[in-house]
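**Student:** Attaching a single structure in structure tokens format; questions to follow.
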């Protein structure tokens, strides 16, 4: 029970950190191209991760871990950052944030497929209810929609769910921060080449907000958040702790309201309360 509670606490911290990712990405793409942003954030995080691995003298993963690390890198180092950056050229950050509410369901499905978890039927009921409420909220709140942006976000969610589930499974053997660190190192050669190939033509026209956005997604979204998140999934269970991401859209919208001055409607509070209920139900039956 104590281990499960620690897992949920650690997972919640990770979700709070991740909540700023899409607003920060939205700001960053105002100055950087999606390809450069994706590769640059991965390179910066990989350098920091490499320093951590060296400082704590972590052993290298075995050959049997390489497929899992490549899968994690595809999902959370390359796929999700790139597809969300591309999506945010077509849709607003507020619209993109609510799609993250579908991540718990994707994570749970891949947790069953890759992690061997078997949650009870009631878990799926609460998960689907929570995801449906988020989807409904997205449709109602979306003043302007783009099918291209929506499909990119769906693809991003699927790849991220795969990366989360695979990372959580591997974290049980290697440790949470070690997994994301080695995944970043795995992707470093490709990301470094891509970063060099997509360097901005002019640095002087890139504003301070874009630099701050790049810094956030590189340090917090790409590394620190995963340290807490993978630890939470490993300790508390992939399917159960993954439901905490139903709260992420509302944390993100709250940050957008506080930092960007966007209005927060009463309907957001109502849906948030229902989502909290779904999270509690999913936790009980995971």
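In my numbering, the protein residues as written are 512 to 797.
Just so it is clear, CB atoms sit at the ideal spot from N, CA and C, and this is done for glycine as well.
1. Please report the Cβ distance between residue 710 and residue 547, rounded to the nearest whole angstrom; I am assuming they are in contact, meaning their Cβ atoms lie under 8 Å.
2. What residue ranges within the stretch 556-613 form continuous beta strand (DSSP E) runs of no fewer than 3 residues, ordered along the chain?
3. Pick out whichever of 765, 692, 792, 701 has its Cα sitting closest to the Cα of residue 580.
4. Specify the secondary structure class of residue 712 as computed by DSSP and reduced to three states.
5. Can you give me the Cβ contacts of residue 737 inside the same chain, cut-off strictly under 6 Å, excluding the 5 residues immediately before and after it?
6. Use the C-beta contact count for residue 662: other C-beta atoms within 10 angstroms, 16 or more gives buried, fewer gives exposed.
7. Residue 540 by DSSP, collapsed to three states: which one?
8. So the candidates are 787, 791, 795, 759; which of them puts its Cα closest to the Cα of residue 612?
9. Using CA coordinates, which residue listed in 531, 562, 543, 535 is at the minimum distance from residue 715?
10. With distances taken between CB atoms, is the gap from residue 533 to residue 763 smaller than 8 Å?
11. Would you mind reading off the limits of the alpha helix (DSSP H) that contains residue 526?
12. Return the Cβ separation of residue 757 and residue 641 in integer angstroms, given the expectation that the two are a contact with Cβ distance under 8 Å.
13. Determine, using beta carbons only, whether residue 539 and residue 705 come nearer to each other than 8 Å.
14. Three or more C-beta pairs under 8 Å: does that hold for the stretch 742-751 against the stretch 613-626?
15. Using the C-alpha atoms, what's the distance from residue 651 back to residue 576?
16. Please list, in chain order, all residues of the same chain as residue 594 whose beta carbon is under 6 Å from its beta carbon, the five residues on each side excluded.
17. Suppose you measure from the CA of residue 520 to the CA of residue 527; what does that come to, to the nearest Å?
18. Please state whether DSSP places residue 717 in a helix, a strand or coil.
19. Could you round the C-beta distance between residue 545 and residue 596 to whole angstroms and report it? I think they count as a contact, below 8 Å.
20. Return the residue from the list 604, 514, 557 that minimises the CA-CA distance to residue 770.
21. Taking the C-alpha atoms as reference points, what is the distance between residue 727 and residue 535?
22. DSSP three-state label for residue 657, please.
23. Which residues mark the beginning and the end of the alpha helix (DSSP H) in which residue 730 is found?
24. Name the residue from 645, 574, 564 whose alpha carbon lies nearest to the alpha carbon of residue 785.
25. Buried or exposed: which applies to residue 514, given that a residue is buried once 16 or more other Cβ atoms fall within 10 Å of its Cβ?
26. What whole-angstrom Cβ distance do residue 601 and residue 678 have, given they're in contact under 8 Å?
27. Would you mind sorting residue 531 into buried or exposed? The rule is 16 or more other CB atoms within 10 Å of its CB.
28. Report the rounded CA-to-CA distance for residue 732 versus residue 529, giving the unit in angstroms.
29. Return helix, strand or coil for residue 630, following the three-state DSSP convention.
30. Put residue 686 into one of helix, strand or coil per three-state DSSP.
**Tutor:** Working from what's here:
1. 7 Å
2. none
3. Of 765, 692, 792, 701, the residue nearest in Cα terms is 692.
4. coil
5. 691
6. Classification for residue 662: exposed.
7. coil
8. The shortest Cα separation from residue 612 among 787, 791, 795, 759 belongs to 759.
9. 543
10. yes
11. 513-529
12. 5 Å
13. no
14. When Cβ pairs closer than 8 Å are counted between the two stretches, the stretch 742-751 is seen to touch the stretch 613-626, the count reaching three or more.
15. 43 Å
16. 663, 666, 667
17. Roughly 11 Å separates the two Cα atoms.
18. coil
19. 4 Å
20. Closest by alpha carbon: 604.
21. 7 Å
22. Under the three-state reduction of DSSP, residue 657 is assigned to coil, being neither helix nor strand.
23. Note, residue 730: premise wrong, no alpha helix (DSSP H); not H, not E.
24. The closest CA to that of residue 785, considering only 645, 574, 564, is found on 645.
25. exposed
26. A Cβ-Cβ distance of about 28 Å is found for the pair residue 601 and residue 678, leaving them out of contact under the 8 Å criterion.
27. buried
28. 6 Å
29. coil
30. coil
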